[in-house]
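Here the sequence shown stands for residues 546 to 825, where the numbers follow my numbering.
Every residue gets a Cβ at the ideal spot worked out from N, C-alpha and C, and that includes glycine.
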Amino acid sequence: MRFLLPLLALFMLGLAPPATADVAAAVNQLTDAQLDAYWTPERIANAKPAPAPAVSQVAVPAPNGPAVMVPGTPGKSRGVYETTGRLLFSQNGGDWICSATVVASNNRSVIATARHCGFNGTVGSNFRFAPSYNGGNAPHGWWNWRSAGWATGGDGITNDLAFIVLNTQNGRRVGDVVGTNGIGFNFAVNQYAYIVGIPAATDQRLRCEGQAYAGPQGQQLMNNCNGMSGGASGGSWNVQWQSAGWAYQVGTFFGSYGAAAAGSYYGTLAQDIWNGAQNA
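This is the structure in structure tokens:
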């Protein structure tokens, strides 16, 4: 098994070698001041939706371990909506946008997003996140990244997942400010599901819901998810929406597969990467 970064980087994230795919990790080398200076209002306004990669094959997402359920902690938040936010990053000479979600973690500083949001091929830089972002408004400000871990193997949909650890902001952890969405691993695919992301076309949070199902080759799909276009990549794929407003995130929104919405799948590999991030 090959790893893309030195053992030191994996050790910093607490990652154990997974059994089914490679894992990569990165650590931010810039200061908060440098990242704040980079993201001028003009750069933010001109950032484009990150394109989803072409998919030549898909793998069957199936539980490969016991189901794990980690509840969210809404606090003053409105659950999924307040923990959803806009992710900015640079890659290959351009500035890009995706969606991401604050998820339950020991350090209350982890966001979940898609692998193609800065971690396919050349690793991106200048990652920063605005929780509760909606219509250009970032009520809790922007939070810069500290480190990240992601899956490198597998197909373009099932393993399209990454977890980013954020720096504190004025001594505050992002999860203490907006709460956390729940997270789950090794769930069955065929559940009623909810996708939440921020399409660039409207720049506002959007939710669609319906019965998720395994597609022709086993991928996690949902029909009738209109409007979840570019910029929503990396948004949350959720099940068991709670009355308190949070849900169990069991994958991230990839994009379209034919006419259906498609998402990554959180199995044991995702749990290993998340566990390293939450203890970083």
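Return the Cβ separation of residue i and residue j in integer angstroms, given the expectation that the two are a contact with Cβ distance under 8 Å.
| i | j | result |
| --- | --- | --- |
| Q749 | N679 | 5 Å |
| S650 | Q823 | 4 Å |
| A578 | I642 | Actually they are not in contact, since the Cβ atoms of A578 and I642 sit about 22 Å apart, beyond 8 Å. |
| F708 | V795 | Incorrect: roughly 14 Å between the Cβ atoms, too far for contact. |
| A693 | A571 | 5 Å |
When we look at the beta-carbon of residue i and count the other beta-carbons within 10 Å, is it buried (16 or more) or exposed?
| i | result |
| --- | --- |
| D640 | buried |
| S778 | buried |
| A696 | buried |
| A592 | buried |
| N820 | buried |
| D581 | exposed |
| Y737 | exposed |
| R653 | buried |
| E627 | buried |
| I818 | buried |
| R660 | buried |
| S781 | buried |
| S644 | buried |
| G716 | exposed |
| A564 | For A564, the predicted structure reports a pLDDT of 38, less than 50, and the residue's modelled location is therefore unreliable. The matter cannot be settled from this model. |
| R588 | exposed |
| G638 | exposed |
| G699 | buried |
| G776 | buried |
| G681 | exposed |
Taking Cβ to Cβ, would you say residue i is nearer than 8 Å to residue j?
| i | j | result |
| --- | --- | --- |
| N769 | R691 | no |
| L496 | W688 | Examination of residue 496 is not possible in this model, given that the chain is present from 546 through 825 alone. |
| V734 | R752 | no |
| G617 | G610 | no |
| F798 | G808 | yes |
| P744 | M773 | yes |
| G701 | A569 | no |
| G669 | Q714 | no |
| Q816 | V648 | no |
| T646 | N771 | no |
Review point. Counting pairs of beta carbons, one from the region 802-818 and one from the region 727-735, are three or more of them closer than 8 Å?
Key: yes
Review point. So, do the region 630-638 and the region 655-675 have three or more beta carbon pairs nearer to each other than 8 Å?
Key: yes
Point to revise | 3 or more residues per run - each beta strand (DSSP E) lying fully within the region 776-817 | key: 781-784, 793-802 and 805-808
Review point. In chain order, which alpha helix (DSSP H) runs of at least 4 residues are fully inside the region 595-670?
Key: 625-628
Point to revise | Those runs of the beta strand (DSSP E) which lie wholly inside the region 678-728 and span at least 3 residues | key: 688-696 and 707-711
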